[in-house]
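Engineer: Sending over a structure as structure tokens; questions will come in a sec.
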Amino acid sequence: MAVTDSGGTESARTPAKKPNRLFKNLTAKLASVPMILTAIVVFIGCTGWTIYHSFTKSRLLPAPDKWVGLDQYERLWSTRRWLVSIENLAIYGICSLVLSLVIGFTLAALLDRKIRGESVFRTIFLYPFALSFIVTGLVWQWVLNPDFGIQSVVQRWGWESFTFDPLNNADIVIYGILIAGIWQGSGFIMVIMLAGLRGIDEDIWKATRVEGIPVWKTYIVVIIPMMRPVFVTALVLIAAGIIKVYDLVVAQTSGGPGISSEVPAKYVIEKMFQSQNLGQGFAASTMMLVSVLVVLIPWAYLEFGGKRRD
Amino acid sequence: MTDATANKGVTPRGAKPRRRLSPTNIMLYGTLFVASVYYLLPLYVMIVTSLKGMPEIRLGNVFSPPVEVTFEPWVKAWAEACTGINCDGLSRGFWNSVQILVPSVVISIAIASVNGYALSLWKFKGSEVFFTILIFGAFIPYQVMIYPIVILLREAGDVLSAMTGTKIRLMGSVWGLVIVHTIFGMPILTLLFRNYFASVPEELFKAARVDGAGFWGIYFRIMLPMALPIFVVAMILQVTGIWNDFLFGVIFTKPETYPMTVQLNNIVNSVQGVKEYNVNMAATLLTGLVPLIIYFASGKLFVRGIAAGAVKG
Amino acid sequence: MTNVTVKDLTLEFGAVRVLDKLNLEIEEGEFLVLLGASGCGKSTLLNCIAGLLDITDGEIHIGGRNVTWEEPSERGIGMVFQSYALYPQMTVEGNLSFGLKNAKVPKPEIAERVARAAEILQIEPLLKRKPAALSGGQRQRVAIGRALVRDVDVFLFDEPLSNLDAKLRADLRVELKLLHQRLQNTMIYVTHDQVEAMTLADRIAIMRGGVVQQIASPAEVYNRPSNKYVAGFIGSPTINFFEGDIAEGGVEFATADTKMPLTGYEASQGALSARPAWLGIRPESVITGTDVDTQPFTTEITVELFEAMGADTLVYTTLAGTPFRFRMSGQARVAAGDTLRIGFDPAQGSLFDKTTEERL
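Protein chains in written order, with the numbering used here: chain E, 320 to 629; chain S, 1272 to 1584; chain Z, 94 to 453.
Quick look at the structure:
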């Protein structure tokens, strides 16, 4: 252990003091104030505020002192409109999840087959994602218009009995919204899937070709399992989007016919800002948060559980 | 780690197809073609409808091209269409949107880029905790936070009025909406910038510190010039996102300051008067034009932007 | 005169103690190399001296000043990095003058200093170019220039040649040596390359696990390694170790089947006493041919494998039950299966205690 002895250094000045921890990186801390405020005041504070007030008797004004326990939730779950909203969200959610993943992956896999004009196809599939839900809803409202849209065109071609009027039929209206939602968002899933496919080592393809495994089987047995993280990401993104569905319904059907295409997000906004029933709005939005957590917590657990992030 | 996935999407993989007209190829291109029809149809319908007169629309079918091309619906949508009592067309919403868009984009990107820079290069105790809250916050439905924000903005406006002695309203004004866009754009933008700055070699940062540059010196002189592409990505992300926003617009502004999307919805879904489908479609196209132009003009960068939003930090 | 002093330096990342009460004194004008395998804490130590890492405990003095809590730019140091770390959007000139501008040095003086550094490093024609337009060697010269213009007494190098190819590395090594001779600055140089360390250093500090194992001149480190780790780390091909016992009186080293005389061994403390030990013999110290019989220890071995590398030939064999390598002239003709007579002087080797692995 050859170490020099530490005696006998000449210090002209008194040793500098160790700076206070609080003032270390002070500029960085000051510059992060907007982020810190957003995280604490908005994301934690406002969320907590809403959850708290969902247990109160708030109506026109927030009433923090009028504690009513779970009353608002009981009322919420016995409101037909809320139940319809939940049912719609469930149908829309499941279908949209499955269809987005299937369509997104299929298109990505097709584009990954060394085809001509890949960028043209990609541009076509993705452009709706640049459009707002309002524009999406209004276009599909017109395309699905029973008097002028697809239905009338097919009927005029001679198939008189053809009916396809989702927007006027309370039983299937949610599928009409689904068509528009998929149209808007599936290109995005395709982009994610394509990036995932391109991330797979070319040698994998060479190996399966050498072993004579057919292409379709390679996708199912080798590629899709390898892309598990990409699928999980896509799943979380689609799920987070589904719960927020609001503008699409507002533009395409305004919740109609009747209340048959209502969704939870719309219920919340209307209770808060139109029908002056804040308590219901808070309870309903808290339910939305709960459903997000149901998706998010298992995902976060799978993703980050066990290993600590640096 | 964010951009790697997007950048890989350049060269196609997989086995090379052998013959041009093999059954596999017919299937392949056939499927892609059918899919393209589904994606293109609405755009096509929008365009042809907006160029037809109302009589032609009532008689013809939505898919047939216009017999007589007219731009009148476009003019009407821009300058005359009515929402409630206002009949000055979508132009009002367009300019409102521009007024909302410019400060929102500038401020949200300025703040988020500094956040991302501080988070990647000037970590301090607790910075990662705030960042984690921020990222998880991105998944909280807006509906949960929106009402308290309305109250906060109202109160903040009152406090500012009292302090300055002039009447300042944040709620219902463009500035309130700018704050809201800045807040809700923060998670994704901060993530974008943090990941970018984290990929900058650490030694560059150390060299600048040895050279005596401080927090702002390194940000403006070293990092900012390097990060221009990521600023463009962030701008694309924000311009499209803010332009397309409906929820915040409808809640945080009032009819005179409604952004274009809100006004569009009010025009098209208005229950009064005869439905003018051609005007409606022209208005819809006009509203979609800004993000569409950005999309077609930016190409790969747009893909990079949305992919950046997709991959978690 | 001492120029850089590190006193009881301790650095913790969370619960991990990366550097533990480390002490180091560097003389003015000295070229000190911090050498060690990756993860040994050598770069961390350099970053602490530069002020780029906040230390947990201890003191750092540079030029007689306690700079423990001063900003990197105030410490009177210049630093050169492995990845060059040139600012990509600035020209070479901008890179060189950035620090001086931050320090508010008057413009004429900046120009003068940049010109001088450019002249020393022969990069005048490159001043208006951007780093992207430079070759690796040119970039590293600019990076050195950036430290040079700062007009400081202490230069810190963090593996500056590791990103260059072998030939350029050798060239720049020579240039660095010349630069040091010309400027006579204190230089602290981190590397994992022992050739760089041996050729450049006045003294080498070999680190392992955040602890300095030995700090001495290159010759001393090579000939008298302070412990078994240093012996194994320095030298290529690596040293051969025999496991055995020192006989009573220190006259002999005995493995299971071989006895080697130790007459003349210079023990580091007192006389050798009987104990289990390691004997390290460098591959270069083995003699073959006609002079074999002059050696205190001779034996016959069978060539198992050989690597002819032109200048010399490396022979693999087994001696005293352990694999053994030694170096022969490149002109030597050997083949696998040949029997050779070799000899060496075990007393010129190094003995290490079996358990503490310290030099005896």
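Note that beta-carbon positions come from the ideal geometry of N, C-alpha and C, so glycine has one too.
None of these values were measured; they are calculated from a predicted model.
1) Helix, strand or coil, according to DSSP, for Z:I155 in the structure here?
2) Relative to the alpha-carbon of E:K343, which residue among Z:A401, Z:I308 and Z:W162 has its alpha-carbon at the smallest distance?
3) Between S:G1576 and chain Z, is there a C-beta pair that is closer than 8 Å?
4) Rounded to the nearest angstrom, how far is the Cβ of S:V1333 from that of E:G495, given a contact under 8 Å?
5) Tell me, please, whether the CB atom of E:F374 is closer than 8 Å to any CB atom in chain S?
6) Pull out every residue of the segment 411 to 441 of chain E whose Cβ sits closer than 7 Å to any Cβ of chain S, in chain order.
7) Within the continuous alpha helix (DSSP H) that includes Z:M183, where are the two ends?
8) Please work out which residues of its chain come closer than 8 Å, Cβ to Cβ, to S:P1458, disregarding the five sequence neighbours upstream and downstream, and give them in chain order.
9) Please confirm whether Z:R243 and Z:G171 have their CB atoms less than 8 Å apart.
10) Determine which residues share a DSSP beta bridge with Z:N320 and list them.
11) State yes or no: is the C-beta of E:Q571 within less than 8 Å of the C-beta of E:A499?
12) When you compare the CB of E:M607 with every CB in chain S, is at least one pair closer than 8 Å?
13) Bridge partners of Z:I281, per DSSP?
14) Going straight from the alpha carbon of E:D490 to that of E:S404, what length do you get?
15) Return the bridge partner residues of Z:E377 from the DSSP annotation.
16) Per the DSSP calculation, Z:Y409 is bridged to which residue(s)?
17) Indicate the three-state DSSP secondary structure (helix, strand or coil) for Z:I308 in the structure shown.
18) Which residues in chain S sit within 8 Å of E:V462, going by Cβ to Cβ distance?
19) If the cut is a Cβ gap below 7 Å, which residues of chain E does S:M1552 touch?
20) Around the C-beta of S:F1304, are 16 or more other C-beta atoms found within 10 angstroms, so that it is buried, or is it exposed?
21) Short of 8 Å Cβ to Cβ, which residues in the segment 339 to 369 of chain E face chain S?
22) Report yes or no: do the segment 166 to 185 of chain Z and the segment 1460 to 1474 of chain S share at least 3 C-beta pairs separated by less than 8 Å?
23) If you scan the segment 430 to 505 of chain E from start to end, which runs of the alpha helix (DSSP H) of 4 or more residues do you find wholly inside it?
24) What ranges does the alpha helix (DSSP H) occupy inside the segment 1450 to 1537 of chain S, keeping only unbroken runs of at least 4 residues that lie completely in it?
25) Taking the beta strand (DSSP E) that Z:L114 belongs to, which residues open and close that run?
26) According to the Cβ coordinates, are Z:L412 and Z:T392 closer than 8 Å?
27) Taking a contact to mean a Cβ-Cβ separation below 8 Å, would you say E:V361 touches S:I1297 in this structure?
28) Would you please verify whether the beta carbon of S:G1559 is less than 8 Å from any beta carbon of chain E?
29) Whose C-beta lies closer than 7 Å to the C-beta of S:W1514 among residues of the same chain, with five residues either side of it excluded?
30) Once DSSP output is grouped into helix, strand and coil, what is the label at Z:E205?
31) Would you mind reading off the limits of the beta strand (DSSP E) that contains Z:P354?
32) Expressed to the nearest angstrom, what Euclidean distance is found between the alpha-carbon atoms of E:R628 and E:A347?
33) Going along the chain, which residues of the segment 1490 to 1513 of chain S sit with their C-beta nearer than 7 Å to a C-beta in chain Z?
34) Using 8 Å as the threshold, is the C-beta distance between E:A660 and S:Q1414 below it?
35) Just reading off the alpha helix (DSSP H) that E:A553 is part of, what are its end residues?
36) Would you tell me roughly how many angstroms separate the C-alpha atoms of S:N1536 and S:V1521, rounded to the nearest one?
Structural biologist: In terms of the structure at hand:
1) As a working note, residue 155 of chain Z is residue 62 in the third sequence. Three-state result, Z:I155: strand.
2) Residue 343 of chain E sits at position 24 when you count from the first residue of the first sequence. Checked all of Z:A401, Z:I308 and Z:W162; the closest Cα to E:K343 is Z:W162.
3) As a first step, residue 1576 of chain S is located in the second sequence; it is residue number 305 there, counting from the start. Output row for S:G1576: interface = no.
4) Taking the second sequence and counting its residues from 1, the one referred to as residue 1333 of chain S is at position 62. Taking the first sequence and counting its residues from 1, the one referred to as residue 495 of chain E is at position 176. Actually they are not in contact, since the Cβ atoms of S:V1333 and E:G495 sit about 16 Å apart, beyond 8 Å.
5) One-based indexing of the first sequence puts residue 374 of chain E at position 55. So, not an interface residue.
6) L426, L429, D431, R432, K433, I434, E437 and F440
7) Translated into positions along the third sequence, residue 183 of chain Z becomes position 90. Counting along the chain, Z:M183 falls outside any alpha helix (DSSP H), and DSSP gives it neither H nor E.
8) Counting from 1 along the second sequence, the entry for residue 1458 of chain S is found at position 187. Within the same chain, S:P1458 has close Cβ partners L1405, I1406, G1408 and A1409.
9) Stepping through the third sequence from its first residue, residue 243 of chain Z is reached at position 150. Stepping through the third sequence from its first residue, residue 171 of chain Z is reached at position 78. Taking 8 Å as the Cβ cut-off, Z:R243 and Z:G171 qualify as a contacting pair.
10) Position 227 of the third sequence holds residue 320 of chain Z. Answer is Z:E451, bridged to Z:N320.
11) Stepping through the first sequence from its first residue, residue 571 of chain E is reached at position 252. Stepping through the first sequence from its first residue, residue 499 of chain E is reached at position 180. Going by C-beta atoms, E:Q571 is nearer than 8 Å to E:A499.
12) Taking the first sequence and counting its residues from 1, one reaches residue 607 of chain E at position 288. Contact with chain S is found for E:M607, since one of that chain's Cβ atoms lies less than 8 Å from the residue's Cβ.
13) Along the third sequence, one-based indexing puts residue 281 of chain Z at 188. Looking at the DSSP assignment, Z:I281 forms a beta bridge with Z:L125 and Z:L249.
14) Here residue 490 of chain E is taken as the residue at index 171 of the first sequence, counted from 1. Here residue 404 of chain E is taken as the residue at index 85 of the first sequence, counted from 1. The straight-line gap separating the alpha-carbon atoms of E:D490 and E:S404 is approximately 13 Å.
15) If you number the third sequence from 1, residue 377 of chain Z lands on position 284. Answer by DSSP bridge pairing: none, since Z:E377 is not bridged.
16) Within the third sequence, residue 409 of chain Z is the residue found at index 316, counting from 1. According to DSSP, Z:Y409 bridges with Z:L398 and Z:R418.
17) Your numbering for residue 308 of chain Z matches position 215 in the third sequence. Residue state, collapsed to three classes: strand.
18) Start at 1 with the first residue of the first sequence, and residue 462 of chain E comes out as number 143. Under the 8 Å cutoff, chain S gives L1312, P1313, V1316 and V1333.
19) In the second sequence, residue 1552 of chain S corresponds to position 281, counting from 1. Going along chain E in sequence order, the residues near S:M1552 (Cβ under 7 Å) are W461.
20) For the purposes of this step, residue 1304 of chain S is identified with residue 33 of the second sequence, where counting begins at 1. Burial call: exposed.
21) R340, K343, N344, T346, A347, K348, A350, S351, P353, M354, I355, T357, A358, I359, V360, V361, F362, I363, G364, C365, T366, W368 and T369
22) Touching, yes, given that three or more Cβ pairs across the two stretches are closer than 8 Å.
23) 437 to 449, 452 to 462 and 469 to 475
24) Runs of the alpha helix (DSSP H) inside the segment 1450 to 1537 of chain S: 1473 to 1481, 1499 to 1515 and 1518 to 1523.
25) Translated into positions along the third sequence, residue 114 of chain Z becomes position 21. Strictly speaking, residue 114 of chain Z in this sequence is Lys, with Leu absent from that position. Run containing Z:K114: V109 to E120, per the beta strand (DSSP E) assignment.
26) Counting from one through the third sequence, the residue named residue 412 of chain Z turns up at place 319. Counting from one through the third sequence, the residue named residue 392 of chain Z turns up at place 299. The answer is yes: Cβ separation under 8 Å.
27) In the first sequence, the residue the question calls residue 361 of chain E occupies position 42. In the second sequence, the residue the question calls residue 1297 of chain S occupies position 26. Cβ distance not < 8 Å, so E:V361 and S:I1297 don't count as in contact.
28) The residue you call residue 1559 of chain S lines up with position 288 of the second sequence. Interface residue, yes.
29) Taking the second sequence and counting its residues from 1, the one referred to as residue 1514 of chain S is at position 243. Same-chain partners within the cutoff: S1368, L1372, V1561 and P1562.
30) On the third sequence, residue 205 of chain Z is found 112 positions in, with the first residue counted as 1. Three-state DSSP puts Z:E205 in a helix.
31) To locate residue 354 of chain Z, count along the third sequence from 1; it is residue 261. Run containing Z:P354: K352 to P354, per the beta strand (DSSP E) assignment.
32) Taking the first residue of the first sequence as position 1, residue 628 of chain E is located at position 309. Taking the first residue of the first sequence as position 1, residue 347 of chain E is located at position 28. The pLDDT assigned to E:R628 is 44, lower than 50, so where the model puts this residue is not dependable, and the model offers no usable value.
33) I1493, P1496 and M1497
34) The question about residue 660 of chain E has no answer, for chain E in this structure spans 320 to 629.
35) Residue mapping note: residue 553 of chain E aligns to position 234 of the first sequence, counting from 1. Segment R547 to I562, the alpha helix (DSSP H) holding E:A553.
36) Mapped onto the second sequence, residue 1536 of chain S falls at position 265. Mapped onto the second sequence, residue 1521 of chain S falls at position 250. So the two alpha carbons sit approximately 10 Å from each other.
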